[in-house]
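Numbering (mature numbering (1 follows the signal peptide of the UniProt record, and there is no 0)), first residue to last: -25 to -1, 1 to 368.
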């Protein structure tokens, strides 16, 4: 949800078995609920009935307050072998104005471009996080309009020449990041193994029982990924699986909600599971939904009463002082799912030096079954655990 882990997560804070071609796919989806109310400041609300068109809708959507392109993945080194890694790349568009100022100059901008990138070295026991935050304008960053390429780019972090980029080419996403100050880089190509999945009817994803709190949300839950990862000057050729979330909207968290727990899991039996739980300040779950995707791409949406997530351990961050859940019992009884989910590395907290010093936990996890056998792996995002961790979106 990026759930996900989403003006910033600015204001970050300021989610067919054959390979699917992104470049040529087209799709239209329609939902049937009533239109959401307009926002008071002129931004367009996420509403049911959106007519999707791909590949156009992979590009930016000015008019909504916030949107993001979110990738996480689990990678194994193949040359040389023996390294287990996780990664994150998220491009955010944060709307400052509902429309671009009516000035005949490329410097007139209505958006901020924020990028968060991370690598978790699961073998070496380290988590590295980098970030940039720029006004969308020449030389600094752009979230492109269809069909311009690259799809998104931002000037690299201080101390590193070049750009961080996200693009589409030959039916795959291409991701490139280098942060010399933090000592990591990756260049990856992620190709969908399954069709695009709408998270909710017609891609309309409610975030509350109250009207007006929702997003437009779709995912590629399983992308075959390969490329290179560099840490501290040492490089590995890697392969693995990624998850891509794409979400846009103008008002997602209801007033009583402080954050979310979001799970994206590749199960060992070939299914993919996404769950998000939106929490109140007392820790109780205010609203929850999920999606289960079968090996053939069949999608089943899960209501709150069909899923159960219970945390039974915690971890306190030495960096932020926030306390996060650190092990979960995840159950979807009607689907025969009973998992214990644990972090592959305890400290995978992203601590921003920008946007007011916000922080959130975004990390690789492992899942085991009732017998303790490996049952899957994926990523979890935790926001709202601390005074500077509530995403104002």
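No residue lacks a Cβ here, since even glycine has one placed at the ideal position from N, Cα and C.
Where residue i sits in the DSSP three-state scheme
i	result
residue 116	strand
residue 31	helix
residue 283	strand
residue 48	strand
residue 178	helix
residue 183	coil
residue 85	coil
residue 76	coil
residue 3	Residue confidence for residue 3 is low, a pLDDT of 39 falling below 50, so the modelled location carries little weight; the figure read from the coordinates is stated next. It is coil, neither helix nor strand.
residue 310	helix
residue 358	coil
residue 188	coil
residue 364	coil
residue 348	coil
residue -10	Annotation note: pLDDT 31 at residue -10 (below 50); position unreliable, coordinate value reported separately. It is coil, neither helix nor strand.
residue 353	strand
residue 154	strand
residue 9	Because the pLDDT of residue 9 is 35, which lies under 50, any placement of that residue in the model is unreliable, and the number read from its coordinates should be weighed accordingly. In the structure shown, residue 9 sits in coil (DSSP, three-state: anything other than H, G, I, E or B).
residue 70	strand
Residues near residue i in its chain [Cβ-Cβ closer than 7 Å; skip 5 each side]
i	result
residue 56	none
residue 318	301, 338, 340
residue 36	42, 223
residue 158	103, 206, 207
residue 233	254, 255, 256, 359, 365
Residue i and residue j closer than 8 Å at C-beta
i	j	result
residue 70	residue 114	no
residue 268	residue 176	no
residue 373	residue 163	Limits of the chain in this structure are -25 at one end and 368 at the other, which puts residue 373 out of reach.
residue 229	residue 188	yes
residue 95	residue 61	yes
residue 44	residue 119	no
residue 139	residue 92	yes
Neighbourhood of residue i by C-beta distance below 8 Å, restricted to the same chain and skipping five residues each side
i	result
residue 289	298, 299, 300, 301
residue 293	322
Sequence-distant residues of its chain with Cβ nearer than 6 Å to residue i (five each side left out)
i	result
residue 134	155, 156
residue 351	240, 241, 242, 243, 342
residue 347	none
residue 263	252, 279
residue 72	85
residue 285	304
residue 275	267
For residue j and residue i, the rounded distance between their alpha carbons
i	j	result
residue 117	residue 76	16 Å
residue 220	residue 169	14 Å
residue 295	residue 338	16 Å
residue 128	residue 107	11 Å
residue 313	residue 344	6 Å
residue 19	residue 305	35 Å
residue 86	residue 349	43 Å
residue 121	residue 31	6 Å
residue 143	residue 125	7 Å
residue 202	residue 231	42 Å
residue 258	residue 307	21 Å
residue 110	residue 291	34 Å
residue 226	residue 179	13 Å
residue 173	residue 273	11 Å
residue 165	residue 141	11 Å
residue 278	residue 209	45 Å
residue 199	residue 216	5 Å
residue 182	residue 252	9 Å
residue 63	residue 237	14 Å
residue 311	residue 47	26 Å
residue 265	residue 316	16 Å
residue 354	residue 105	18 Å
residue 320	residue 361	20 Å
residue 334	residue 235	13 Å
residue 123	residue 82	18 Å
residue 186	residue 147	36 Å
residue 153	residue 356	23 Å
Integer-rounded CB distance, given that residue j should sit under 8 Å from residue i
i	j	result
residue 282	residue 250	6 Å
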